[in-house]
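Under this note's numbering, think of the first position of the sequence shown as 355, with each following residue one higher.
What follows is a short report on a single structure.
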Amino acid sequence: MLFVGLDVGGANTKIAVIDVTHDDVRVKTAREYFPVWAKSRGELPELLLRMRSSLCSGKPDCVCVTMTAELSDAYETKREGVNHVLSSVEEAFSGVEVYVVNCTAELLGVEEARGRHMEVAAANWPATGWMIGKVFRDCIFIDVGSTTTDIIPVRGGVPCPEGRSDVERLISGELVFTGALRTNVSAITSRVPLRGYMCRVSPEKFALTADVHLVLGHISEDEYTCETADGREKDAYHSMARIARVVCADLEEISRNDVLKIAKHIYLKQLEQVVEGLEQVSSRNPEIDTVVTVGLGEEFLAKKAAEKLGFTKIYSLKNMLGKKVSENAPAVAAALMIVEKKIGADAKELLRKIRED
């Protein structure tokens, strides 16, 4: 039996296919950079169909969807975005039963989800929290993706944030709009060290956090999956050149050592953003002493933030379930949710058996 989980984001779309026909539980995952704001409406169902065809050997038994794409300014309203995502899934998975995860980790049918669109908007974190809650009854999980960071408390195996919508979570510290790849560095700091001074930065989109983390060795060139700010190559030299441009310079005007100092400063300022969110969340949950790190930035942002606040019980989803599962956690979790619903399998037991294909 094949169960599909989808996480349709504004910049990245992820898919997980769980095959439970074997003694072990096999999962295949894929992700594709797909900037919704730059694509036509008809391209999303084509993408989903292509991803389905690449991973599914036969017709799926069921599909479960989470989404954050509805926030894209390609849509005038979240309602419009939710409806387009759901219509695209139905088109790509014609004849397959579809469920949608809502903000309380419940599964809704498509028409019910359309009628309760604010419950399913930006509701990929409840799926991740549901999955992590099967392993850790009480924890705070930090999921650092390409664009944003989720910081969600889990109590009694259930995600229990103070906020449910993006707006509420921005207020509560449970959503920090900083990520491992796509964040404009001028959104992180207004000044950087240069020639013994703190130099103001240009607010233009000259460099991204992907450039910072590539230069510092936190990510590989293959992990730099978004477009660059200038359309040039994704390598250390061009990343340094982009960072130099943040202070209106180039690599003939300032040295590579200058750029490295700037990159380290930006990284530490970004780390402060995650620490601030975690401090806000943990202050409301003082009894929780465990942190679970998830996503592309789990090592250099999530783990480091937890360490800065004195957490010692820090567990990596990548180390437990594999790199691909960690980086595509909402899609994997969505697939697990329908496996549990449809065949009554215990998700905690499934996670013990799960193997990446």
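In this text, a Cβ means the ideal position worked out from N, Cα and C, and glycines have one as well.
All figures in this text were calculated on a predicted structure; none of them were measured in a lab.
Can you pull the DSSP bridge partners for residue i?
i    : result
D504 : D497, L529
N478 : Beta-bridge pairing links N478 to no other residue.
L462 : V454
R709 : R380
C514 : The partner list for C514 (beta bridge, DSSP) is empty, contrary to what the question assumes.
C418 : G359, Y453
A370 : G359, T383
R509 : V512
Considering residue i, what are the terminal residues of the beta strand (DSSP E) in which it resides?
i    : result
R404 : Looking at the DSSP string, R404 is not in any beta strand (DSSP E); the run it does join, the alpha helix (DSSP H), is 397-409.
S670 : 667-670
L360 : 356-362
E661 : Taken as a continuous stretch (DSSP letters only), E661 belongs to no beta strand (DSSP E), being part of the alpha helix (DSSP H) at 658-662.
T644 : 644-648
Find out if the Cβ-Cβ distance for the pair residue i, residue j is shorter than 8 angstroms.
i    : j    : result
A467 : S519 : no
A598 : L632 : no
K500 : A365 : Checking the sequence shown, residue 500 turns out to be Ser, not Lys. Yes.
S680 : G649 : yes
A583 : L562 : yes
W484 : P513 : yes
K678 : T420 : no
L605 : L625 : no
L548 : I608 : yes
V450 : P414 : yes
V455 : V464 : no
Please list, in chain order, all residues of the same chain as residue i whose beta carbon is under 6 angstroms from its beta carbon, the five residues on each side excluded.
i    : result
G363 : T422, A423
K368 : D361, R385, N682, A685
K707 : D378, V379
Q627 : V530, T532
F447 : V417
Kindly indicate the opening and closing residues of the alpha helix (DSSP H) around residue i.
i    : result
E714 : No statement about residue 714 is possible, as the shown extent of the chain runs from 355 to 711 and does not include it.
E434 : 432-446
D565 : 563-569
L535 : L535 -> no alpha helix (DSSP H), and no H or E assigned at all.
R549 : Here R549 belongs to no alpha helix (DSSP H), and DSSP marks it neither H nor E.
V679 : 677-681
R596 : 590-599
Going by Cα to Cα distance, which pick from the options is closest to residue i?
i    : options                : result
T537 : I525, Y551, D565       : D565
S574 : E558, A583, S593       : S593
R726 : P557, E558, E694, K672 : Since the displayed the chain opens at 355 and closes at 711, residue 726 lies outside it and no answer follows.
V646 : Y621, G571, V498, K695 : V498
L425 : F531, L568, V635       : F531
C457 : G449, S448, V474, E444 : V474
Y387 : E577, I608, K707, A459 : E577
R491 : R509, E445, S411, Y429 : R509
R470 : P507, K432, N478, M405 : K432
L675 : C416, K695, E703       : E703
G511 : I496, L535, T482       : T482
E445 : M472, R404, E434, V455 : R404
D299 : C410, S411, V464, K488 : Nothing in the structure corresponds to residue 299, since the chain is present only between 355 and 711.
E653 : G463, G412, P557, F495 : F495
D711 : K615, C410, L401       : C410
Can you give me the Cβ contacts of residue i inside the same chain, cut-off strictly under 7 angstroms, excluding the 5 residues immediately before and after it?
i    : result
L529 : T502, D504, D520, R523
K393 : none
K662 : V629
G517 : R523, I525, S526, E528
P389 : A365
Can you give me the Cβ contacts of residue i inside the same chain, cut-off strictly under 8 angstroms, excluding the 5 residues immediately before and after it?
i    : result
A689 : F357, V358, G359, A370, V371, I372, V381, C418
V555 : V539, S540, T543, S544, R545, V546, V600, V601
I697 : M355, V374
S408 : A384
K588 : A564, L568, E575, Y578, T582
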